[in-house]
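Residue numbers (the numbering used here), protein chains in the order written: chain A, 1 to 128; chain B, 1 to 128; chain C, 1 to 128; chain D, 1 to 128.
Idealized CB from N, CA, C, for every residue including glycine.
Remember, it's a predicted structure, so these values are computed and weren't measured experimentally.
Number of protein chains: 4
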Amino acid sequence: MHELNKKIYYHDTDCGGVVYYANYLRYFEEGRTEYLNAKGVDINQLSEQDTVFVVRRVEVDYKFPARYGDNLIILSEILNIKKASIEFAQDIVKETKLLIRAKIELVCVNYSFRPKKIPEEIIKCLKE
Amino acid sequence: MHELNKKIYYHDTDCGGVVYYANYLRYFEEGRTEYLNAKGVDINQLSEQDTVFVVRRVEVDYKFPARYGDNLIILSEILNIKKASIEFAQDIVKETKLLIRAKIELVCVNYSFRPKKIPEEIIKCLKE
Amino acid sequence: MHELNKKIYYHDTDCGGVVYYANYLRYFEEGRTEYLNAKGVDINQLSEQDTVFVVRRVEVDYKFPARYGDNLIILSEILNIKKASIEFAQDIVKETKLLIRAKIELVCVNYSFRPKKIPEEIIKCLKE
Amino acid sequence: MHELNKKIYYHDTDCGGVVYYANYLRYFEEGRTEYLNAKGVDINQLSEQDTVFVVRRVEVDYKFPARYGDNLIILSEILNIKKASIEFAQDIVKETKLLIRAKIELVCVNYSFRPKKIPEEIIKCLKE
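Below is the structure:
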């Protein structure tokens, strides 16, 4: 389980007084990126090899809203690795309270957005 | 089925060359707002009556990416109205091609984020 | 003077109850794009010729804030065309009230971000 | 001079391959907030006293673009404190290279956006 800290600023919120619902997907991107990084996967390097991970599906449950000034933790975990796709479970918590829960499926594609097999060395990194 | 036109600018895209995955949720907000407006529901007025619709759950399937300069159509439709929640089906299409498909559940709350019954006059508007 | 309509949604605002200060720059991008389009300049086509306009400097005066549900007008005008740069004056108004006033300088560059002369046919379009 | 680290993700960039020009203003917000925090100024607390700082004017010079994966530093400094306003100088640097330079003027207002004197205790914090 990978943890990333995230502080909430004005630009994250909307006039309802809470974080705008689309913005949690940005934090989930940050969480996945840092998780992959920690596993030794460099997204910049991958993209030089015509390999990109794009989001194919998201499911998000909004349980409680985050607010200005909150210090959140983004939890990221890989549920499943297939030939050309990875499934993440990601949560956003505040202290011990679960605010947002997501399941996010990425697919490995080339620059023409055609699915391709995840490179062997990436799978090795992810499974370690 | 309500239709809203949406043009894609630089600020909608990311360095992958396509629209950033979280931004479609913004267009879905715009689509729902205009749909509700067309039905006679004024979100500003509602909020003066301590009534807000917040997103409780989203499911989004990303089939094809949108790009800079695209002219998209956001299609919005109500699938289901319950006592305190509304379920939307929303698509984003380019010409006749389906790019993004979503199911989005809103819940009616007061300013303390407690669920409340959807006001009768709103239900009447929506069912017409 | 080019005019573009812009409606404000939740995603434009912040928890201060007004439009977030950076977001006006997005609307200015939209205004410039539509202005250039109206003059016959196609940004997608330009970029295929290794020609991009990037922002070199902005000055923005925030006089009054815009709010959720506002219908704004973005006014765009070219103040000055030089060999490799264009200066825009852009305003955002609500009805007849000036909310935001900006001066924005664009420079013509290639994909390595090196300044280059604005192509002759573009200058011709802009001066018509 | 206050320093804040900032890493660049996909959501920060646009299809030109660099950070979108409006987004630097978000990082400047983050830089000012952390600077004020370090000085003992709590924006949440201030807002309970009907005191908000809003941006009245920005001047930004874009010298070099930031890119995906960059680790930036946001430098923040107060140039001038007046009765109802504060002027910040803010830079964004990558290693030792200056990318973005800004001068940003904030004005102290109440919730009706009327200017008011900056509270004495805030001025004391800022001058220490």
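Asked: Please tell me whether LYS116/A and CYS108/A are closer than 8 angstroms, where the distance is taken between their beta carbons.; Found: yes
Asked: Within the 8 angstroms Cβ cut-off, does ARG30/D reach chain A?; Found: Going by the sequence as given, residue 30/D is Glu instead of Arg. For GLU30/D, the answer is yes, since a Cβ of chain A falls inside 8 angstroms of its Cβ.
Asked: Please report the distance separating the alpha-carbon of TYR27/D from that of ASN5/D.; Found: 10 angstroms
Asked: Only counting the same chain, and skipping five residues up and downstream in sequence, which positions put a Cβ closer than 6 angstroms to that of LYS83/D?; Found: LYS117
Asked: Looking only at its own chain, which residues have a Cβ that is under 7 angstroms from the Cβ of LEU98/B, when we skip the five neighbours before and after it?; Found: LYS63, ASP91
Asked: DSSP puts ALA102/A in a beta bridge; with which residues?; Found: VAL60/A, GLN90/A
Asked: Please report how far the alpha carbon of LEU25/A lies from the alpha carbon of LEU25/B, in whole angstroms.; Found: 10 angstroms
Asked: Anything in the segment 42-69 of chain A with a Cβ closer than 7 angstroms to a Cβ of chain C? List those residues in chain order, please.; Found: TYR68
Asked: Which residue's Cα is closest to the Cα of SER3/B: ASN23/B, ASP14/B, GLU30/B?; Found: The residue asked about is misnamed: residue 3/B is Glu in this sequence, not Ser. Comparing Cα-Cα distances from GLU3/B to each of ASN23/B, ASP14/B, GLU30/B, the minimum goes to GLU30/B.
Asked: Out of ASP42/A, ARG67/A, TYR35/A, point me to the one whose CA is closest to ILE100/A's CA.; Found: ARG67/A
Asked: Taking CB distances under 8 angstroms as the criterion, tell me whether ASN37/D reaches chain C.; Found: no
Asked: For THR33/A, does the three-state DSSP call read helix, strand or coil?; Found: helix
Asked: I want to verify the contact list: residues of chain A whose CB lies under 7 angstroms from the CB of THR33/D, in sequence order.; Found: TYR9
Asked: Using beta carbons (cut-off 8 angstroms, strictly below), is ASN23/A in contact with chain B?; Found: yes
Asked: When you compare the CB of TYR27/B with every CB in chain D, is at least one pair closer than 8 angstroms?; Found: no
Asked: Going by beta-carbon coordinates alone, are GLU10/C and VAL55/D separated by less than 8 angstroms?; Found: In the sequence as displayed, the identity of residue 10/C is Tyr instead of Glu. Taking 8 angstroms as the Cβ cut-off, TYR10/C and VAL55/D do not qualify as a contacting pair.
Asked: Report the neighbours of TYR20/A on chain C: residues whose CB is nearer than 7 angstroms to its CB, in chain order.; Found: TYR10, HIS11
Asked: Can you tell which of ASN23/B, VAL58/B, PHE113/B has its C-alpha closest to the C-alpha of ASP50/B?; Found: PHE113/B
Asked: How far does the beta strand (DSSP E) with SER112/B in it extend, from its first residue to its last?; Found: Run containing SER112/B: none; DSSP gives neither H nor E here.
Asked: Using the Cβ count rule (16 or more neighbours within 10 Å means buried), how would you classify LEU36/D?; Found: buried
Asked: At a Cβ threshold of 8 angstroms, is ASP91/C touching chain A?; Found: no
Asked: Using beta carbons (cut-off 8 angstroms, strictly below), is GLY40/C in contact with chain D?; Found: no
Asked: Might you give, ordered along the chain, the residues of its own chain that have their beta carbon closer than 8 angstroms to the beta carbon of MET1/C, omitting 5 neighbours on each side?; Found: LEU75, SER76, GLU77
Asked: Report all residues from its chain with a CB closer than 6 angstroms to the CB of VAL60/A; omit the five preceding and five following residues, and keep chain order.; Found: ALA102
Asked: Answer yes or no: does any C-beta atom of chain D fall closer than 8 angstroms to that of PHE113/C?; Found: yes
Asked: Would you say ILE8/A and LEU72/A are within 8 angstroms of each other, going by their C-beta atoms?; Found: yes
Asked: What residues in its chain sit with their C-beta under 7 angstroms from that of ALA89/D, if we drop five residues either side in the sequence?; Found: GLU77, LEU79, LYS103
Asked: Does any residue of chain A have a CB that is nearer than 8 angstroms to the CB of CYS108/C?; Found: no
Asked: Does DSSP put ILE43/A in a helix, in a strand, or in coil?; Found: helix
Asked: Would you give the residue range spanned by the alpha helix (DSSP H) that LYS7/A belongs to?; Found: No alpha helix (DSSP H) contains LYS7/A, which is instead part of the beta strand (DSSP E) from 2-7.
Asked: Show which residues of chain A have a CB atom less than 8 angstroms away from the CB atom of CYS125/C.; Found: Those within 8 angstroms of CYS125/C in chain A number zero; the least Cβ separation is about 32 angstroms.
Asked: Is DSSP giving GLU77/A helix, strand or coil here?; Found: strand
Asked: Mark ASN44/D as exposed unless 16 or more other C-beta atoms lie within 10 angstroms of its C-beta, in which case mark it buried.; Found: exposed
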